[in-house]
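Below is one structure, written out as structure tokens; comments come after it.
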Amino acid sequence: MSEELFRDFWWLMFPIFGMVMAVFGMLQENRRIDAIHNRARRELGTDQ
Amino acid sequence: MSFAQFFAAYWWLMFPVFGMLMAFVGMFQTERRSNQTMDLIKSYVDQGKDPPPELLKLVAQQSDWDMDMSGVGGGSKSNRAWTFVVFLALAAGFGTGYYFMRAESWSFAFLIVAVTMGVMAVGALLLLIFGRKS
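Residue numbers (the numbering used here), protein chains in the order written: chain U, 1 to 48; chain W, 49 to 182.
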């Protein structure tokens, strides 16, 4: 059954890869913005 | 109903559910980050210091995103043209998928996405033609 399922839905790996990349990109962007905020806080001399 | 049967019947639901989750998380995070950025800028101004250019750039980026999402025709003309091309390509891709799979019972999912993307493409084209020139 799992072989048949894979044969029917193998093409789903492409949109799923796209979704994984979208989540990964969002996490990377969050990390980038966090780094900017943390640097700005350090320069400001506060630890909000 | 086995997992295979369940998956075969409802696999297409993963796309709208993923889209809704991403939209919700994105909206929530944008709001939170925007508030944090504005608080930091306010703290800099209160201390009589110039905010770092990266922070100001973040605010500008968030404003652009708000403008794009509000559908008032913001963003540069090339951005709007690219949005039109992306939606057109998605509509064409899913339309082709529907054409080849139209004999299947689940082919309606392709048609729904193709029509949605087509409407989005028409909207992007209208914004490109009649939107604010910037």
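C-beta: ideal position from N, C-alpha, C; glycine also.
| query | result |
| --- | --- |
| Residues of the stretch 4-20 of chain U in Cβ contact with chain W at a cutoff of 9 Å, in chain order, please. | E4, L5, D8, F9, L12, P15, I16 and M19 |
| Please go through the stretch 149-180 of chain W and give each complete alpha helix (DSSP H) segment of 4 or more residues, from N-terminal end onward. | 156-178 |
| Under 9 Å between C-beta atoms, does W/M70 make it to chain U? | yes |
| Can you give me, in chain order, the residues of the stretch 83-106 of chain W that have a beta carbon less than 9 Å from any beta carbon in chain U? | Q84, T85, D87, L88, I89, S91, Y92, Q95, K97, P99, P100, E102, L103, K105 and L106 |
| At a CB-CB cut-off below 7 Å, which residues of chain U make contact with W/R80? | Here the premise fails: no neighbours, minimum Cβ distance about 10 Å. |
| Within 9 Å (strictly less), CB to CB, does W/G74 reach chain U? | yes |
| Using 10 angstroms around the beta-carbon of W/M49, count the other beta-carbons present and answer buried if the total reaches 16, otherwise exposed. | exposed |
| Helix, strand or coil: how does DSSP classify W/S124 here? | coil |
| How many Å lie between W/T144 and W/A169 at the Cα? | 16 Å |
| Just the Cα atoms here: how many angstroms apart are W/F142 and W/V161? | 7 Å |
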